[in-house]
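Numbering (this note's numbering), first residue to last: -1 to 129.
Glycine included, every Cβ here is placed at the ideal spot set by N, Cα and C.
Keep in mind it's a predicted model, so treat the numbers as computed, not measured.
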């Protein structure tokens, strides 16, 4: 198999443990990793670094994942950045609500390294050729 392209991935989660494990998994996959601990931090990082993909926790203080995703998708500069929601709940309602605000997919925590890297490959591949 050919070498997979490296992507700039933003992980947004108020849990330091989740952020660190995602960072380790993504770096092992050869990707550049940005970390944010809430939605406001995430929006600043998206504006400054324009990541290729965002993993966003749903339950966060101040600005939750649904609100964060909706703001990203309403901004023409960032609307094409894929957003994958992260949640400890595997509910149909959560998945549907995530789709309503524009998220591409949904990963249940705790996720495995394979699940995370597979999502990066799946949504990163959609970016090839994107502006």
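Residue environment, residue 15, which counts as buried when at least 16 other CB atoms sit within 10 Å
So residue 15 counts as exposed.
Pull up the DSSP beta-bridge partners for residue 103, would you.
Answer by DSSP bridge pairing, in chain order: 82.
Can you pull the DSSP bridge partners for residue 109?
Paired residue(s): none; residue 109 is not in a bridge.
Thinking just about the alpha-carbon of each residue, which of 93, 79, 23 is nearest to the one in residue 47?
Nearest of 93, 79, 23 to residue 47, Cα basis: 79.
So what does residue 54 bridge to, in DSSP terms?
The partner list for residue 54 (beta bridge, DSSP) reads 10, 83.
Where does residue 33 fall in DSSP's three states?
It is a strand residue.
Where residue 44 falls, given that 16 or more other Cβ within 10 Å makes a residue buried
Label assigned to residue 44: buried.
Under the rule that 16 or more other beta-carbon atoms within 10 Å means buried, what is residue 72, buried or exposed?
Counting other Cβ atoms within 10 Å of its Cβ, residue 72 stays below 16 and is therefore classed as exposed.
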